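Peer 1:
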Amino acid sequence: MTMDDLILQTLRNSTLTEELRDAEIEDLANIITVREYKAGEYLLQPGNSTLRNSLMILATGEVEATATLGGEKATLHLLQPGDLAGIITFVGGSAAQISATVVAKTNSKMLLLDRSRLESFLSTNPAIVYYVMRGIVRHVHGIVRRMNMQSVEMSNYIYQQGGRY
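Mapping to the numbering used here: the sequence shown position 150 is 150, numbers consecutive.
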């Protein structure tokens with residue numbers, strides 16, 4: 001599989017491009033770069049702002065997002081191909097807001113979408129920017145919904161409610 005094929009296949013499987021037409025996905029693919037990570041390599045860490053202007057989209061491999069809670073490392077999410085990382089800084093948040101560590105569990109390939117390259121579409125094809133940003137919001141909403149469900153399940157378990165415990 002060529003890098004171009006990898007980019008197109010990943011984009012088509014991502015929430016990021018659900019509302020884009022094929023021609024728009026191809027336009028978006030032209031401004032994306034691919035970066036390879038070795039198993040154990042860090043993609044994002046608190047305080048590290050090297051990719052602060054890039055949205056990351058997992059193409060291949062296994063990538064884990066973790067956070068340190070109460071002194072212990074906890075897995076927040078195991079990313080699936082098409083999943084996004086680096087959202088906070090991509091949409092303009094500061095690197096100080098990064099609280100998760102994202103590490104490659106296996107050799108992985110990530111698509112990188114640079115914010116300024118996406119913004120270059122504002123004058124020529126603003127619909128791409130609009131629909132990509134909607135895709136980011138949908139992705140974040142899915143994360144929040146998943147976390148809320150886990151919180152409810154944990155609360156039910158702790159207080160033995162819901163009849164399953």
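Beta carbons: idealized from backbone N, C-alpha and C, even for Gly.
Fair warning: this is a prediction, and the values are worked out from it, not measured in the lab.
1) Does the pairing of the region 121–132 with the region 141–152 give three or more beta-carbon distances under 8 angstroms?
2) Checking the sheet assignment: what are the DSSP bridge partners for L6?
3) Contact check, L58 vs L79 under 8 angstroms by CB: the rounded distance?
4) In the DSSP output, which residue or residues are listed as bridge partners for M75?
5) Give me the residue from I25, T10, I31 and I7 with the minimum Cα distance to E119.
6) Please list the terminal residues of the continuous beta strand (DSSP E) segment that includes Y37.
7) Using only alpha-carbon positions, find the residue among T2, I7, L16 and S155 that is nearest to V204.
8) Can you find the residues in the same chain that come closer than 7 angstroms, C-beta to C-beta, to T10, ignoring five residues on each side of it along the sequence?
9) Tell me the rounded alpha-carbon separation between L8 and L84.
10) Could you give the C-beta distance for T101 and Y42, rounded to a whole number, given that I count them as a contact under 8 angstroms?
Peer 2: The short version:
1) no
2) DSSP lists no partner for L6.
3) 5 angstroms
4) Note on residue identity: the sequence assigns Thr, not Met, to residue 75. Its beta-bridge partners are T66.
5) I31
6) I32 to Y37
7) There is no way to answer for residue 204, as the model of the chain reaches only from 1 to 165.
8) I57, A59, P81, G82 and L111
9) 15 angstroms
10) 7 angstroms
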